[in-house]
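**Q**
There are 2 protein chains.
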Amino acid sequence: MSGGGTAAAAPAVRRLALIGVGLIGSSLARAARARGAAEVIAGYDANPQHLARAAELGLLDEVAGSAAAVAEGADLVILCTPLGSYAAIGAEIAPRLRPGTVVSDVGSSKACVLRDLGAVLPDGVALVPAHPVAGTEQSGPDAGFAELFVNRWCILTPPEDAAPEPVALVERFWALLGSTVERMDPQHHDLVLAITSHVPHLIAYNIVATADDLESVTKSEVIKYSAGGFRDFTRIAASDPVMWRDVCLNNREAVLEMLARFTEDLTALQRAIRWGEGDRLLELFTRTRAIRRQIIDAGQETAAPDFGRR
Amino acid sequence: MSGGGTAAAAPAVRRLALIGVGLIGSSLARAARARGAAEVIAGYDANPQHLARAAELGLLDEVAGSAAAVAEGADLVILCTPLGSYAAIGAEIAPRLRPGTVVSDVGSSKACVLRDLGAVLPDGVALVPAHPVAGTEQSGPDAGFAELFVNRWCILTPPEDAAPEPVALVERFWALLGSTVERMDPQHHDLVLAITSHVPHLIAYNIVATADDLESVTKSEVIKYSAGGFRDFTRIAASDPVMWRDVCLNNREAVLEMLARFTEDLTALQRAIRWGEGDRLLELFTRTRAIRRQIIDAGQETAAPDFGRR
Ligand SMILES: NC(=O)c1ccc[n+]([C@@H]2O[C@H](COP(=O)([O-])OP(=O)(O)OC[C@H]3O[C@@H](n4cnc5c(N)ncnc54)[C@H](OP(=O)(O)O)[C@@H]3O)[C@@H](O)[C@H]2O)c1
Ligand SMILES: NC(=O)c1ccc[n+]([C@@H]2O[C@H](COP(=O)([O-])OP(=O)(O)OC[C@H]3O[C@@H](n4cnc5c(N)ncnc54)[C@H](OP(=O)(O)O)[C@@H]3O)[C@@H](O)[C@H]2O)c1
Chain X
830 MSGGGTAAAA PAVRRLALIG VGLIGSSLAR AARARGAAEV IAGYDANPQH LARAAELGLL
890 DEVAGSAAAV AEGADLVILC TPLGSYAAIG AEIAPRLRPG TVVSDVGSSK ACVLRDLGAV
950 LPDGVALVPA HPVAGTEQSG PDAGFAELFV NRWCILTPPE DAAPEPVALV ERFWALLGST
1010 VERMDPQHHD LVLAITSHVP HLIAYNIVAT ADDLESVTKS EVIKYSAGGF RDFTRIAASD
1070 PVMWRDVCLN NREAVLEMLA RFTEDLTALQ RAIRWGEGDR LLELFTRTRA IRRQIIDAGQ
1130 ETAAPDFGRR
Chain A
830 MSGGGTAAAA PAVRRLALIG VGLIGSSLAR AARARGAAEV IAGYDANPQH LARAAELGLL
890 DEVAGSAAAV AEGADLVILC TPLGSYAAIG AEIAPRLRPG TVVSDVGSSK ACVLRDLGAV
950 LPDGVALVPA HPVAGTEQSG PDAGFAELFV NRWCILTPPE DAAPEPVALV ERFWALLGST
1010 VERMDPQHHD LVLAITSHVP HLIAYNIVAT ADDLESVTKS EVIKYSAGGF RDFTRIAASD
1070 PVMWRDVCLN NREAVLEMLA RFTEDLTALQ RAIRWGEGDR LLELFTRTRA IRRQIIDAGQ
1130 ETAAPDFGRR
């Protein structure tokens, strides 16, 4: 290894294969290129427009015609597609993977990855699922950017019996992109993300739909006066519908468990409002401030009010 | 009236009395000063620190020792305090108001204003409730700023039998501050704001509390991985607890009606997840995008993803 800066260091991966070059896949391509994390970046996407656009943007060294073709000869294959596509992609690429290949992904739910990919991969191919806790509400290759993963968490959920080398490779890859890597049990990951991401998205989708269905308040009134708080929910509820359908279907138990807790608490809140229990309301609205403070202190957010939207 | 710029135009109000100089009251003082909307700005706040700070910031021409004192001799009195304080403030100031005075407010709920203030004000004093649909999650005089109301809606809910002059005065005042003024029936206002503001705040408070109470996921995990969506809810749930308690207690019917609709829809969503109804989920997650588009098109929001927080 020649001495000096990051660019001169050996790349984590010789040949990186990206299946899916949308928001996350294209950001991975950009970040891996910018930080010298892969020697060759090959890409495939079932959406021909997205694949052509990623090529046009210069994000890929090689453009492949199928998932099987892109995976062939790769050192690290990363699935950057909705969770519902994993089983079919796994079946398609499995026969073409050479021993020593590491298969990973970026999916928002993790127990399902072991279930859908773990069984079909051949011996000698390691599975190291990953979830970068980073994203936006936008989709497609134009929405991606190289800095998406910087100072964000990336959670790895390797199987219990995983060999150390493939895990270290994926860990090194994400660290090179600027992420802080953590390991977690996949079931626990799914519970944590259900409350920190999946349920917030679902209730945002739900209230936007509720507002959309009202007869007593018109849609144009909802739009006009959305600055009162509703607006923020519409941003979250603008995220990719296929991605969120697949998260619901593939993290069903954890999502339903957290939704049950949420509705239980909401019932108590409704009751406190109905009975005019001011002290109880005040107590509830006061203690939620502490968690905000801790998120700001943990550097996960800035204290600037409303991000200039005010 | 001398010709020329705004500053040379006659102010809308000779003597403006602000009761409460927190986020909204101090922003009003700043905006009225900056735009020449009042000749003299007098202020009172029950919180001595806030009152002293507003004076120190040079926001007030006169600092009063009580609500009654500040209201005496005023042309326009604006209550900028939590809704729960209105009845007592009304009773205190009523005997000191001279005929011709206009009383207004900035409260987030409107039917209760007529109920709490309408009855106690003497003959010859007009009540013109107002609600600027503008704010942040912060409180106190340091959080205010002059531009808060620019290009925001301000909703007036005058009683049906209101004389035209006081309504025109309040309208002119808010227009000078840069707001677009609308009139609405107070009951209808309360329904519209219940769905566009109150219920979004309540479900944000609720999910933050749910996360705070979990045993299966630790608080530090919630904080660490909050970038997945939860973080945005904590901002909304950091708003002033007293203000939101008072909104719940004073807009009870509309809030409960909208919460009932929300929970009904959420039950259907839970059921669709439980039964794995992918098409139904996809349909729901797709149609909510349209409303976001319309909010952006209406200029109530920018399309920039996640406001740079990504
Ligand atoms: N967005 C986020 O904030 C975020 C954050 C963390 C993790 N993730 C995870 O990242 C993954 C991708 O999400 P994204 O936001 O990057 O979505 P995206 O922008 O829509 O990109 C996904 C790409 O994969 C393509 N695709 C779909 N099925 C395919 C298949 N069978 N084979 C090959 N390509 C296929 C899509 O084409 P079409 O457009 O034609 O479907 C699209 O071009 C998901 O698993 C999601 O859970 C997302
Ligand atoms: N914040 C928003 O986004 C927003 C938007 C639109 C409308 N509003 C409405 O604006 C009003 C004020 O909200 P805000 O955000 O400006 O709150 P704020 O920053 O907390 O200011 C309210 C001020 O009034 C003081 N106060 C409380 N009771 C009083 C009384 N009886 N007499 C005199 N002063 C009293 C408070 O003192 P303490 O701090 O000691 O309580 C505080 O200094 C509320 O009715 C709210 O519904 C708020």
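Chains X and A supply the protein sequences, listed in that same order.
Going by my numbering, the letters in the first sequence line up with residues 830 to 1139, in that order.
Going by my numbering, the letters in the second sequence line up with residues 830 to 1139, in that order.
Yeah, the Cβ is synthetic: ideal placement off N, Cα and C, and Gly gets one too.
(1) Using a Cβ-Cβ distance cut-off of 8 Å, determine whether residue 1067 (chain X) contacts chain A.
(2) Are residue 1043 (chain A) and residue 1010 (chain A) closer than 8 Å when you measure CB to CB?
(3) Looking at the structure shown, is residue 1073 (chain X) part of a helix, part of a strand, or coil, going by DSSP?
(4) Less than 7 Å between C-beta atoms, sequence neighbours within five positions excluded: which residues of the same chain meet that for residue 892 (chain X)?
(5) Nearer than 7 Å: is that true of the beta carbon of residue 854 (chain A) relative to any heavy atom of ligand 2?
(6) Among residues of its own chain, excluding the 5 on either side of residue 835 (chain A), which ones have a beta-carbon nearer than 7 Å to its beta-carbon?
(7) For residue 873 (chain A), report the span of its beta strand (DSSP E) as first-last.
(8) Is there a C-beta anywhere in chain A that falls below 8 Å from the one on residue 1057 (chain X)?
(9) Closer than 8 Å by beta-carbon distance: list the chain X residues that pair up with residue 1073 (chain A), in chain order.
(10) Regarding residue 866 (chain X) and ligand 2, is the C-beta to nearest heavy atom distance less than 7 Å?
(11) With residue 1041 (chain X) as the anchor, note down where its beta strand (DSSP E) starts and where it stops.
(12) Taking the C-alpha atoms as reference points, what is the distance between residue 1138 (chain X) and residue 1133 (chain A)?
(13) Based on DSSP bridge pairs, tell me the residues matched to residue 933 (chain X).
(14) Using a Cβ-Cβ cutoff of 7 Å, what residues of the segment 1014-1044 of chain A are near chain X? List them in chain order.
(15) Mind reading off the beta-carbon distance from residue 914 (chain X) to residue 888 (chain X)? Whole number of angstroms is fine, and I expect it under 8 Å.
(16) What does the alpha-carbon distance come out to for the pair residue 968 (chain X) and residue 911 (chain A)?
(17) Is residue 910 (chain A) near ligand 2, going by C-beta to nearest heavy atom under 7 Å?
(18) Which residues mark the beginning and the end of the beta strand (DSSP E) in which residue 848 (chain X) is found?
(19) In chain A, which residues lie with their C-beta within 8 Å of the C-beta of residue 1129 (chain X)?
(20) Assuming residue 1055 (chain A) and residue 1025 (chain X) form a contact by the criterion Cβ under 8 Å, report the distance between their Cβ atoms to the nearest whole angstrom.
(21) Is the Cβ of residue 941 (chain X) closer than 8 Å to any Cβ of chain A?
(22) Please confirm whether residue 987 (chain X) has its beta-carbon closer than 8 Å to some beta-carbon of chain A.
(23) At what residues does the alpha helix (DSSP H) containing residue 860 (chain X) begin and finish?
(24) How many angstroms separate the CA atom of residue 1078 (chain A) from the CA atom of residue 1066 (chain A)?
(25) Should residue 843 (chain A) be labelled buried (16 or more other beta-carbon atoms within 10 Å of its own) or exposed?
(26) For residue 903 (chain A), tell me which candidate among A:971, A:1080, A:841, A:1113 has the shortest Cα-Cα distance.
**A** In short:
(1) yes
(2) no
(3) helix
(4) 872, 880, 884
(5) yes
(6) Here residue 835 (chain A) scores only 46 on pLDDT, less than 50, and its place in the model should not be relied on; the value that follows carries that caveat. For residue 835 (chain A), where only same-chain residues beyond five positions count, the Cβ hits under 7 Å are 864, 865.
(7) 867-873
(8) yes
(9) 1110, 1114
(10) no
(11) From DSSP, residue 1041 (chain X) is part of no beta strand (DSSP E) but of the alpha helix (DSSP H) over 1028-1042.
(12) Unreliable placement is indicated for residue 1138 (chain X), whose pLDDT of 43 sits below 50; the coordinate value is still reported in the next sentence. Cα to Cα, the separation comes out at about 11 Å.
(13) X:907
(14) 1020, 1021, 1022, 1024, 1025, 1026, 1028, 1029, 1030, 1031, 1032, 1034, 1035, 1036, 1037, 1038, 1039, 1040, 1041, 1043
(15) Going by Cβ atoms, the distance from residue 914 (chain X) to residue 888 (chain X) rounds to 20 Å, so no, they are not a contact pair.
(16) 42 Å
(17) yes
(18) 842-848
(19) 1052, 1053, 1055, 1056, 1060
(20) 6 Å
(21) no
(22) no
(23) 852-863
(24) 17 Å
(25) exposed
(26) A:841
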